[in-house]
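To start, the structure under review is shown below, and the notes come after it.
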Amino acid sequence: MLEGRIYNFSAGPSILPEPVLLRVQKELLNCEGSGMSVMEMSHRSKVFDKIINDCQANLRKLLGIPDNYKVLFLQGGASGIFAALPMNLAAKSKKADYLVSGNFSNQALKEAKKYLGDGAQCAGSTEDINYTRVPTQDELKLDPDAAYVHMCYNNTIFGTKWHYDPETGNVPLIADMSSCILSEPIDVSRYGAIYGGVQKNMAPAGFAFVAIREDLIGDEMDITPKIWSFEKQADKNSMINTPPCWSIYVCNCVLEYLLEIGGLEEMKKRNEKKAALLYDYLDSQDFYKPAAEKIDRSMMNVTFRTGDDELDKAFVAGSADKGFSNLKGHRLVGGMRASIYNAMPYEGVEALVDYMKEFAKAH
Ligand SMILES: *Cc1c(COP(=O)(O)O)cnc(C)c1O
243 MLEGRIYNFS AGPSILPEPV LLRVQKELLN CEGSGMSVME MSHRSKVFDK
293 IINDCQANLR KLLGIPDNYK VLFLQGGASG IFAALPMNLA AKSKKADYLV
343 SGNFSNQALK EAKKYLGDGA QCAGSTEDIN YTRVPTQDEL KLDPDAAYVH
393 MCYNNTIFGT KWHYDPETGN VPLIADMSSC ILSEPIDVSR YGAIYGGVQK
443 NMAPAGFAFV AIREDLIGDE MDITPKIWSF EKQADKNSMI NTPPCWSIYV
493 CNCVLEYLLE IGGLEEMKKR NEKKAALLYD YLDSQDFYKP AAEKIDRSMM
543 NVTFRTGDDE LDKAFVAGSA DKGFSNLKGH RLVGGMRASI YNAMPYEGVE
593 ALVDYMKEFA KAH
């Protein structure tokens, strides 16, 4: 940890790798010998063209995105994609199934209803148990005529994750991976599309990435805004208009850093070790109660509480004195949430567990 920095457990925008921040600082005034920063140059320049192409190529390499998938960088964040999906993919059938495992999947469903009406269906939900786990395959009621099945792979607010890929027959599965992308290898070919806002594990806020199977593109609703047309953006390499150059540049620095340290296998090892440290401690005591059921625990967002709101408050207040930030849980869950994304070092989780032990002892 560099001097003056703290352990930042923010759920998003969130911590970035320090080697990346140092590189960005070094290149800030003069990017690639251009004599200007990336924030000041034309998005049609040679320098930026290389940056956006590298960013796409590096994302393909890290995730093993197959050649028959298009990679898009679109503004509007993951929430923009919530609207883009029904417009781009369900123009004909006007039907899509949504698996509701938390707040964001519910937001995605609500947005889809604007374009598909009752054709956008909840095909399984764990709302009745406040999303402490994701639905099981038995609990899903899937429509074989749906244009796609939408899921949110890692539930940022509730601290759960799908530990299986739902079986959807011939219907393509579309996954919001905003808060777990690049945390471990995934088999992209299992999905019709994956997407996510970049501000959790990839880059500063500014865009959402989409990796989508080519054959799903090209039959959009007439009302689809040009900038959210998967087909038109694929044709123009995501540059119909000015892209978020800064965010794409930092994203590429993050991707190059991940490739340097050994890719997603290495990242997974590190993330598993961090998550195990925290969950093993949670399981070894009874002062703190984990909020999510064991079977569906997230590797990125760890939710827990003491069971006493005043103690939770004291925990969060005391954590600031220790030099931690953003440990307060989301208002929909209460208690605490530690987001331990890729860039959080093992030492940060160790320090958190030490504080948890100390706090438990004192109370
Ligand atoms: C943060 C988050 C979103 C919302 O992302 P925006 O880019 O702010 O729209 C959506 N889905 C998941 C899983 C998230 O974690």
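Numbering (our numbering), first residue to last: 243 to 605. For glycine and all other residues, C-beta sits at the position ideal for the given N, C-alpha and C.
For ligand 1, is there a heavy atom less than 8 Å away from the beta-carbon of E420? The sequence as given places Ser at residue 420; Glu does not occur at that position. Yes, since a heavy atom of ligand 1 falls inside the 8 Å radius drawn around the Cβ of S420.
Please go through the region 291-352 and give each complete beta strand (DSSP E) segment of 3 or more residues, from N-terminal end onward. 311-316 and 338-342
Quick check: does the Cβ of A533 come within less than 8 Å of any heavy atom belonging to ligand 1? no
Exposed or buried, R247, counting other C-beta atoms within 10 Å across all chains shown (16 or more means buried)? exposed
Taking the straight line between their C-alpha atoms, what separation do you get for L305 and G505? 9 Å
Of the residues M281, R579, G438 and I503, which one's Cα is nearest the Cα of L316? G438
So Q363 and D339 are supposed to be a Cβ contact under 8 Å. How far apart are they, rounded? About 6 Å separates the beta carbons of Q363 and D339, which is inside the 8 Å limit, making them a contact pair.
Let me check you understand the geometry: is the CB of F451 closer than 8 Å to at least one non-hydrogen atom of ligand 1? False, no ligand heavy atom lies under 8 Å from that Cβ.
Name the DSSP bridge partner or partners of T398? DSSP lists no partner for T398.
So, with DSSP's three-state summary, where would you put S431? helix
Unbroken alpha helix (DSSP H) run spanning G560, endpoints: Note, G560: alpha helix (DSSP H), D551 to D563.
Ligand 1 heavy atoms versus the CB of F400: any closer than 8 Å? no
According to DSSP, is C364 helix, strand or coil? strand
DSSP three-state call for V280: helix, strand or coil? coil
Residue from G275, N295, A447 and I257 whose Cα sits closest to the Cα of N479: N295
6 Å Cβ shell around C273 - same chain, five flanking residues per side excluded: S279 and V280
Is F315 near ligand 1, judged by its Cβ being under 8 Å from some heavy atom? no
Is A453 helix, strand or coil by DSSP? In the structure shown, A453 sits in a strand (DSSP, three-state: E or B).
Whole-angstrom distance between L331 and L458, CA atom to CA atom: Using only the alpha carbons, I get a separation of about 7 Å.
Looking at the strands, I want to know which residues DSSP matches up with V391. D339 and L415
Would you decide whether Q527 is buried or exposed? Buried here means 16 or more other CB atoms lie within 10 Å of its CB. exposed
What residue range is occupied by the uninterrupted beta strand (DSSP E) comprising A253? Run containing A253: none; DSSP gives neither H nor E here.
Using the C-alpha atoms, what's the distance from K268 back to D370? 50 Å
Quick one: grab the DSSP three-state call for R547. strand
Terminal residues of the beta strand (DSSP E) in which S471 lies: Per DSSP, S471 belongs to no beta strand (DSSP E) and is neither H nor E.
Three CB pairs or more closer than 8 Å across the region 408-418 and the region 381-397: yes
For K356, is the beta carbon positioned less than 8 Å from some heavy atom of ligand 1? The beta carbon of K356 sits no closer than 8 Å to any heavy atom of ligand 1.
Helix, strand or coil for S489, going by three-state DSSP, please let me know. The answer is helix: DSSP assigns S489 an H, G or I state.
Check whether the Cβ atoms of G590 and I582 sit closer than 9 Å, and answer yes or no. At the C-beta level, G590 and I582 come within 9 Å of one another.
9 Å Cβ cutoff met for I436 and Y395: yes
A518 - DSSP class collapsed to helix/strand/coil: helix
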